[in-house]
Amino acid sequence: MSQLPVEVSIKNNIAIVSLDRADKHNALDMSMFFTIRDTIKSLKKNKHIRAVIVKGNGVDFCTGLDVKSVMQSQSNALKLLFKWWPGHANLAQYVSTGWQEIPVPVIMVLHGRVWGGGLQIALGGDFRIAHDETTFSVMEARWGLLPDMGGTIALKEQLPTDKAKLLAMTGREFNAQQALNLNVITKVSDVPMETALALAEEISQQSPDSVAAVKKLYKNAWWQSKAFALARESWYQVRILMGKNQRLKTYNQTHPEKEKPFKQRRNW
Amino acid sequence: MSQLPVEVSIKNNIAIVSLDRADKHNALDMSMFFTIRDTIKSLKKNKHIRAVIVKGNGVDFCTGLDVKSVMQSQSNALKLLFKWWPGHANLAQYVSTGWQEIPVPVIMVLHGRVWGGGLQIALGGDFRIAHDETTFSVMEARWGLLPDMGGTIALKEQLPTDKAKLLAMTGREFNAQQALNLNVITKVSDVPMETALALAEEISQQSPDSVAAVKKLYKNAWWQSKAFALARESWYQVRILMGKNQRLKTYNQTHPEKEKPFKQRRNW
Amino acid sequence: MSQLPVEVSIKNNIAIVSLDRADKHNALDMSMFFTIRDTIKSLKKNKHIRAVIVKGNGVDFCTGLDVKSVMQSQSNALKLLFKWWPGHANLAQYVSTGWQEIPVPVIMVLHGRVWGGGLQIALGGDFRIAHDETTFSVMEARWGLLPDMGGTIALKEQLPTDKAKLLAMTGREFNAQQALNLNVITKVSDVPMETALALAEEISQQSPDSVAAVKKLYKNAWWQSKAFALARESWYQVRILMGKNQRLKTYNQTHPEKEKPFKQRRNW
Chain A
313 MSQLPVEVSI KNNIAIVSLD RADKHNALDM SMFFTIRDTI KSLKKNKHIR
363 AVIVKGNGVD FCTGLDVKSV MQSQSNALKL LFKWWPGHAN LAQYVSTGWQ
413 EIPVPVIMVL HGRVWGGGLQ IALGGDFRIA HDETTFSVME ARWGLLPDMG
463 GTIALKEQLP TDKAKLLAMT GREFNAQQAL NLNVITKVSD VPMETALALA
513 EEISQQSPDS VAAVKKLYKN AWWQSKAFAL ARESWYQVRI LMGKNQRLKT
563 YNQTHPEKEK PFKQRRNW
Chain B
313 MSQLPVEVSI KNNIAIVSLD RADKHNALDM SMFFTIRDTI KSLKKNKHIR
363 AVIVKGNGVD FCTGLDVKSV MQSQSNALKL LFKWWPGHAN LAQYVSTGWQ
413 EIPVPVIMVL HGRVWGGGLQ IALGGDFRIA HDETTFSVME ARWGLLPDMG
463 GTIALKEQLP TDKAKLLAMT GREFNAQQAL NLNVITKVSD VPMETALALA
513 EEISQQSPDS VAAVKKLYKN AWWQSKAFAL ARESWYQVRI LMGKNQRLKT
563 YNQTHPEKEK PFKQRRNW
Chain C
313 MSQLPVEVSI KNNIAIVSLD RADKHNALDM SMFFTIRDTI KSLKKNKHIR
363 AVIVKGNGVD FCTGLDVKSV MQSQSNALKL LFKWWPGHAN LAQYVSTGWQ
413 EIPVPVIMVL HGRVWGGGLQ IALGGDFRIA HDETTFSVME ARWGLLPDMG
463 GTIALKEQLP TDKAKLLAMT GREFNAQQAL NLNVITKVSD VPMETALALA
513 EEISQQSPDS VAAVKKLYKN AWWQSKAFAL ARESWYQVRI LMGKNQRLKT
563 YNQTHPEKEK PFKQRRNW
């Protein structure tokens, strides 16, 4: 494997992750699964980045599982479905849910087809900006399958039950405007990469610690009890107040003409 | 009781359930409660059907509880509220929540008045297609009551809290377009039965096992933890892969000119 | 402290709570926190009121924390963050979450700026009616902080995850129409106080016990299991049926020309 199917470049503290198997419409083969996993694990540890943008090279974001390639060997399906502990994401799920472990915003830039596993990867990000000609489908239904890469969870955080079932039971195709109305995506744009960069820039004006705390709080507390959420809110706030970036942000907010750079973020 | 207040007919593997007490606007008396329960229990076991459509005969879908009839005897209220185990649906709740136990999509075709208990029955289905002149109301408020037929749960899966409270506290009437905007219904149509049949047909093109798995996954995992949902996703996918229908669907998807019929679905 | 920063007046059984620190845009100082807490605790015990309306005197509803005043003493931050038991709301959270303990609808009437802590207070109410020129912001982000006054919980009950994160990570300002589209508020009105009074009046036509039961059911059951919610529904209904107001409401509903007043509500 001389050439990895995912490119990563970092510029102005924003990591751009490009799915780079354009001749196959960025369909997911085993190498893609492993490389996305490794990319997530590497970005998690990078304390300098302020945002991650994920896009697809070529005409599509990602058309889903490369069935022919993955099914060449029996052991591949096992590798995808296997997990060490019940309740932890397996490899197939990790390429969707793993983005939530990176303590900076992950923005999915979508165009062309966002189908099947491609949609599930997109749903794992924090924000989804789609070109207005993007098409979407829970394609798994058309192959007699479930959306099993964590897609169930992600859909439940965004859609009413009946709408989520409609997409998952029929596998029907829908367009960017419909995706927006259904809350599957965050925004439609005819220049989605520019929109994503502007959003990354806007969030970078805020403290890296408060942004990381919001992400972690929503990841952990969203489906927990009210008591749990209240306790976490307070605890994360105390952690923020113990760091330097809160005071730096207050300084910058009140001295816009001479902003100071943030310190490295804490461990979140 | 020579004539049951619910008719069931099955055609092309689609079960049509008709509330048939048109002279009383399909209001719910004890016989209606028992017959709906028995209908659900019978459809649960039918492995040949691919969808259920529920409608009301006459000018209304259902105007709610037939208070005069139910309150004739003290024991009726007890029968409705009684349950063997805390946490299981009682008879009143079962006519709403029971539809989720049938492993095929249940489509509610709504017209006329969908009030009180009628609305709660409708909320128990997977999809709600309403004629554009349908009216809705959480009528219980006007009788000094709670919507206690499982309506609380169903509303929480569809609406933001403030909107759900507004409907349940005021009992105010709302129309089909408002119901659509509030996510109370899935679609407005001036030919709701045709729209429902087309949806049933569309879902019947997919594997009965993947459809049943989606329904069960969303029923069980929707309000559970993320870990639980991830584990269920994988387990249901393994069960699907062990069956024949996944391969049949893949064959049909790639050979549209010579589709093969599905095998009977597994137990879900 | 001769003059309390919160005014309460009761008229026609509707309590009007006015944040009254207009010269400071109703920013939250320690006195404001304590007085709001005491106001909530007093209204909880008042069995005569049928609704609470909260508004701000002057040009803004509330611009958030009065940082300069609160940070004068080290002990203030401790007072705000301190709580006796993990999982219970601390003082800062209580001024938002406390409104849910009052067993009548709490309607927030919003105008001018609803920023930071002001937004979190507003999110604690049951309904939010905003003037069309109101502006909103999760202002905490701009000070390097989390929205930690219970705002996380309230947002999760109203918004899809991506939208909630967008507001909390960027702190960006949004207007009344955007707030409505995001489900942050219930309604836009150019006469929000009149709209709120009409809603309070409409709900007062219903039984105080069924209204209190709806509020408590949604407070307790919203993020609990399905079994828990079903059991509570039935239990609250039994409690309603044991009271007098259900029968009074039934009488009023069927004798509109000679309505009888409700009895005092039960303990909820």
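Listed in order, the protein sequences are those of chains A, B and C.
Position in the first sequence (first residue = 1) + 312 = my numbering.
Position in the second sequence (first residue = 1) + 312 = my numbering.
Position in the third sequence (first residue = 1) + 312 = my numbering.
No residue lacks a Cβ here, since even glycine has one placed at the ideal position from N, Cα and C.
Just so you know, these numbers come straight off a predicted model, no measurement behind them.
Taking CB distances under 8 Å as the criterion, tell me whether THR298 (chain B) reaches chain C. Missing from the structure shown is residue 298 (chain B); chain B here goes from 313 to 580 and no further.
For the stretch 434-447 of chain A against the stretch 508-517 of chain B, are there 3 or more C-beta pairs whose distance is under 8 Å? no
So, is LEU390 (chain A) buried or exposed, given that buried needs 16 or more other C-beta atoms within 10 angstroms? On the first sequence, residue 390 (chain A) is found 78 positions in, with the first residue counted as 1. With fewer than 16 other Cβ atoms within 10 Å, it is exposed.
Pick helix, strand or coil for VAL500 (chain C), following the three-state DSSP scheme. Counted from its first residue, the third sequence places residue 500 (chain C) at position 188. It is a strand residue.
Where does ALA453 (chain B) sit, in a helix, a strand or coil, going by DSSP? Numbered from 1 along the second sequence, position 141 holds the residue referred to as residue 453 (chain B). It is helical.
Does the Cβ of GLN386 (chain C) have 16 or more other Cβ atoms within 10 Å, making it buried, or fewer, making it exposed? In the third sequence, the residue the question calls residue 386 (chain C) occupies position 74. Classification for GLN386 (chain C): exposed.
Chain-ordered residues of the stretch 401-429 of chain B with a beta carbon less than 7 Å from chain C: ALA401, ASN402 and GLN405
Determine the direct distance from the alpha carbon of ASP460 (chain A) to that of GLN405 (chain A), and round the result to whole angstroms. Position 93 of the first sequence, counted from the first residue, corresponds to residue 405 (chain A). Position 148 of the first sequence, counted from the first residue, corresponds to residue 460 (chain A). Computed Cα separation, rounded: 7 Å.
Give the list of continuous alpha helix (DSSP H) stretches no shorter than 4 residues that lie fully inside the stretch 337-382 of chain C. 342-357 and 379-382
Three-state secondary structure (DSSP) of MET313 (chain B): Residue numbering aside, residue 313 (chain B) sits at position 1 when the second sequence is read from its first letter. With a pLDDT of 44 at MET313 (chain B), under the threshold of 50, the modelled position of that residue is not reliable, and the figure given next carries that caveat. MET313 (chain B) falls in the coil class under three-state DSSP.
Answer yes or no: do ASN388 (chain B) and MET342 (chain B) have a C-beta to C-beta separation smaller than 8 Å? Within the second sequence, residue 388 (chain B) is the residue found at index 76, counting from 1. Within the second sequence, residue 342 (chain B) is the residue found at index 30, counting from 1. For ASN388 (chain B) and MET342 (chain B), yes; Cβs fall inside 8 Å.
To the nearest angstrom, report how far apart LYS527 (chain C) and MET481 (chain B) are at their CA atoms. If you number the third sequence from 1, residue 527 (chain C) lands on position 215. If you number the second sequence from 1, residue 481 (chain B) lands on position 169. Straight-line Cα distance between these residues: approximately 8 Å.
With a floor of 3 residues, list each beta strand (DSSP E) that falls wholly inside the stretch 393-452 of chain C, ordered by position along the chain. 418-422, 425-427, 439-443 and 447-449
Just to confirm my understanding: we take GLN470 (chain A), look at its own chain, exclude 5 residues before and 5 after, and list those with CB closer than 7 Å. What are they? Locating residue 470 (chain A) in the first sequence gives position 158, counting from the first residue. The answer, listed in chain order, is ASN495 and VAL496.
Residues of chain B with CB closer than 7 Å to the CB of ASN557 (chain C), please, in chain order. Locating residue 557 (chain C) in the third sequence gives position 245, counting from the first residue. Those are GLY456, listed as they occur along chain B.
With distance defined between alpha-carbon atoms, name the residue in B:ASP521, B:THR464, B:LYS380 and B:LEU393 nearest to ALA339 (chain B). Taking the second sequence and counting its residues from 1, the one referred to as residue 339 (chain B) is at position 27. That would be B:LYS380, whose Cα lies nearest to the Cα of ALA339 (chain B).
Going along the chain, which residues of the stretch 478-505 of chain B sit with their C-beta nearer than 9 Å to a C-beta in chain C? LEU478, ALA480, MET481, THR482, GLY483 and ARG484
Beta strand (DSSP E) segment containing GLU319 (chain A), residue limits: Looking up residue 319 (chain A) in the first sequence gives position 7. Residues 318-323.
Cα-Cα, which of B:ASN564, B:LYS477, B:GLN549 and B:GLU413 is closest to SER516 (chain B)? Indexing the second sequence from 1 puts residue 516 (chain B) at position 204. Measuring from the Cα of SER516 (chain B), the nearest candidate turns out to be B:ASN564.
Using the rule of at least 16 other Cβ atoms within 10 Å of the residue's Cβ for burial, across every protein chain shown, is ASN557 (chain C) buried or exposed? Reading the third sequence from its first residue, position 245 is the one you call residue 557 (chain C). Looking at its Cβ environment, which holds 16 or more other Cβ atoms inside 10 Å, ASN557 (chain C) is buried.
Strictly by DSSP, which residues pair up with ILE326 (chain B)? In the second sequence, counting from the first residue as 1, residue 326 (chain B) sits at position 14. ILE326 (chain B) is bridged to B:LYS323 and B:ALA363.
Backbone CA spacing between GLN384 (chain A) and ASP372 (chain A) [nearest angstrom]: One-based indexing of the first sequence puts residue 384 (chain A) at position 72. One-based indexing of the first sequence puts residue 372 (chain A) at position 60. If I take the Cα positions, the gap works out to 24 Å.
ASP444 (chain B) classed as buried or exposed, judged by whether at least 16 other C-beta atoms fall within 10 angstroms: Translated into the one-based positions of the second sequence, residue 444 (chain B) becomes position 132. It counts as exposed.
Can you find at least 3 beta carbon pairs, one from the stretch 446-455 of chain A and one from the stretch 448-458 of chain C, that sit closer than 8 Å? no
Listing by chain order, which chain B residues have their CB less than 7 Å from the CB of ALA453 (chain A)? Taking the first residue of the first sequence as position 1, residue 453 (chain A) is located at position 141. Simply GLN518 and SER522.
When DSSP labels each residue in this structure, what does ASN564 (chain C) get in the three-state scheme? Taking the third sequence and counting its residues from 1, the one referred to as residue 564 (chain C) is at position 252. Helix at ASN564 (chain C).
Output needed for VAL500 (chain B): all residues of its chain with C-beta closer than 7 Å, excluding positions within five of it in sequence on either side, in chain order. Position 188 of the second sequence, counted from the start, is the residue given in the question as residue 500 (chain B). Within the same chain, VAL500 (chain B) has close Cβ partners ALA442, ASP444, ALA488, GLN489 and LEU492.
Buried or exposed by the 16-neighbour rule on C-beta atoms within 10 Å, applied to THR473 (chain B): Against the second sequence, residue 473 (chain B) aligns to sequence position 161. Result: buried.
Mapping DSSP to helix, strand and coil, what is ASN487 (chain C)? By one-based count along the third sequence, residue 487 (chain C) stands at place 175. Looking at ASN487 (chain C) - three-state DSSP - the assignment turns out to be strand.
How would you list, in chain order, the residues of chain B whose beta-carbon sits under 9 Å from the beta-carbon of ILE515 (chain A)? Taking the first residue of the first sequence as 1, we reach residue 515 (chain A) at position 203. Within 9 Å Cβ-Cβ: nothing; ILE515 (chain A) doesn't reach chain B, min ~24 Å.
Report, in whole angstroms, the separation of the C-beta atoms of ILE365 (chain C) and VAL421 (chain C), which I expect to be a contact under 8 Å. Counting from one through the third sequence, the residue named residue 365 (chain C) turns up at place 53. Counting from one through the third sequence, the residue named residue 421 (chain C) turns up at place 109. Going by Cβ atoms, the distance from ILE365 (chain C) to VAL421 (chain C) rounds to 6 Å, so yes, they are a contact pair.
Please name the residue in C:VAL426, C:ALA543, C:PRO415 and C:GLY428 whose C-alpha comes closest to that of THR464 (chain B). Walking along the second sequence from the start, residue 464 (chain B) turns up at place 152. The candidate whose alpha carbon is nearest that of THR464 (chain B) is C:ALA543.
Rounded to the nearest angstrom, what separates LEU316 (chain C) and LYS468 (chain C) at their Cα positions? By one-based count along the third sequence, residue 316 (chain C) stands at place 4. By one-based count along the third sequence, residue 468 (chain C) stands at place 156. Taking the straight line joining both Cα atoms gives about 33 Å.
With DSSP run on the structure shown, which of helix, strand or coil describes LEU458 (chain A)? The count along the first sequence starts at 1 and reaches residue 458 (chain A) at position 146. Here LEU458 (chain A) sits in coil by DSSP.
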